[in-house]
Amino acid sequence: MTELKNLSITLKTRPTGIVDSENFSTKISEVKTLKENQVLIKVLYLSLDPYMRGRMSEAKSYADPLQIGEIITAESAGIVIESKSTKYSVGEYVCCRSGWQEYFISNDKDPMTYKVDPKLVPLSTYLGVCGMTGRTAYFGLMKEATPSKGETLVVSAASGAVGSIVGQIGKKIGLNVIGIAGSDEKCNYVEDELNFDACVNYKSASFRDELASKLESGVDIYFESVGGSVTETVTEFFNSGSRAPICGYISNYNAKDITKVKTPFHIFGAMKNPPKHKFFLVFDHYANFNKANEFLLNGVRSGELKYKEMIVDGLEKSPEYFKWLFTGNNFGKLIVKVANP
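Laid out in structure tokens, this is it:
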């Protein structure tokens, strides 16, 4: 094979507050020769997700922080262009945890590398609704929240990649679903396209009253992705026995000192009768991934599960695109197109 050059993006400095292009470095290196049981993957699409921001800080978390000089972590979808494995053939499509780079060498025993079929659904959806994003929504609601038909579900970041799927699953199983989003445009999408029962703009001056008008029966489940003032407002309406699976709290991710911010754990913990709550990891449910994958794939193929993607071009622009996750510039699942097959 012709010698390949690999462009990668690494962590240069740890960000304080919102990430900046100065926090990243680009590097060009030669692609190494494959060893036995390895495959070379050409990255075609790269997923950008809020959790990556936490990995850039030194603060203690569920995963070790990135080291200075390390490639930024991320999931991707690509194509096998060279193989020394009996499990993978050249031309097969895969998802993998490549990080921000053009090429990735994977061991064929890596559980984060697995085959996907772009003939069933578009390749990019395996990074969103049919991938980790969709599984997070599925397990967060179905397993962590233990919903019952007729209950009221409130979904923060309802137009976002995870929240939009949570709400649709909620409607499918008979829940009353109220979304919260950051603009009238996003709320209209949530109501008209995703068929939530209602959606409230948290930037509205009358947010609290508008939310109250939709929650006459209170809140049984709150799917938490935001934190901050939105969560504090929702706490006024929790019913006895309510549950609040915590997927994340994006409003706090860019704090200069995450150890000093008021997280959902502080907010819920200060309540007299707090909801049952925990921060969950999708890998807690790894044994049931196939069940979730089948549900999500069938939903997309049938058209029953709707999704919105924002696909942007250029790996080298990833640091700038990444900021959009925290400024609200993205609408739907944010994916970088790195290359053509």
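So the sequence shown is numbered by numbering that gives the first Met the number 0: it starts at 0 and just counts up by one. Ideal Cβ placement from N, Cα and C applies to all residues, glycine included. Predicted model, so just to flag it, every value in this text is computed and none were measured.
- About 4 angstroms separates the beta carbon of S46 from that of L126, a gap short enough to meet the 8 angstroms contact definition.
- The Cβ-Cβ distance between G173 and K148 falls below 7 angstroms.
- Just so you know, the alpha carbons of W99 and S212 end up roughly 44 angstroms apart.
- Residue S88 holds the alpha-carbon nearest to the alpha-carbon of N36 among T72, S88 and I71.
- Residue environment analysis places P110 among the exposed positions, since fewer than 16 neighbouring C-beta atoms fall within 10 angstroms of its C-beta.
- Every unbroken stretch of the alpha helix (DSSP H) spanning 4 or more residues and falling wholly within the segment 109-188 is given here in chain order: 131-138 and 160-171.
- In the displayed model, V93 falls within a strand according to three-state DSSP.
- For the options T326, P244 and K26, the alpha carbon positioned closest to that of G16 is the one of T326.
- Here L43 really is in contact with A338; their C-beta atoms are around 6 angstroms apart, less than 8 angstroms.
- V281 and M141 have their C-alpha atoms some 12 angstroms from each other.
- V176 and F237 have their C-alpha atoms spaced approximately 14 angstroms apart.
- DSSP links I80 through a beta bridge to no other residue.
- In chain order, V281 and A291 place their CB closer than 6 angstroms to the CB of R134, counting only its own chain and leaving out the 5 sequence neighbours on each side.
- Residue state for G240 is assigned as strand, using DSSP reduced to three classes.
- Nearest neighbour of H265 by Cα position, chosen from F279, G240, F294 and T230, turns out to be T230.
- The C-beta distance from V18 to P318 rounds to 7 angstroms, short enough to fall under 8 angstroms.
- V120 places its beta carbon 7 angstroms or farther from that of A136.
- For K41, the closest alpha carbon among the candidates K271, F222, T9 and Y102 is that of Y102.
- Just measuring C-alpha positions, the residue of A156, R242 and E21 sitting nearest K277 is R242.
- Ranked by how close their Cα comes to the Cα of P14, the residues N194, K322, V299 and V311 have K322 in first place.
- Contact annotation: S224 and G247 have beta-carbon atoms nearer than 7 angstroms.
- Boundaries of the alpha helix (DSSP H) around K322: S317 to T326.
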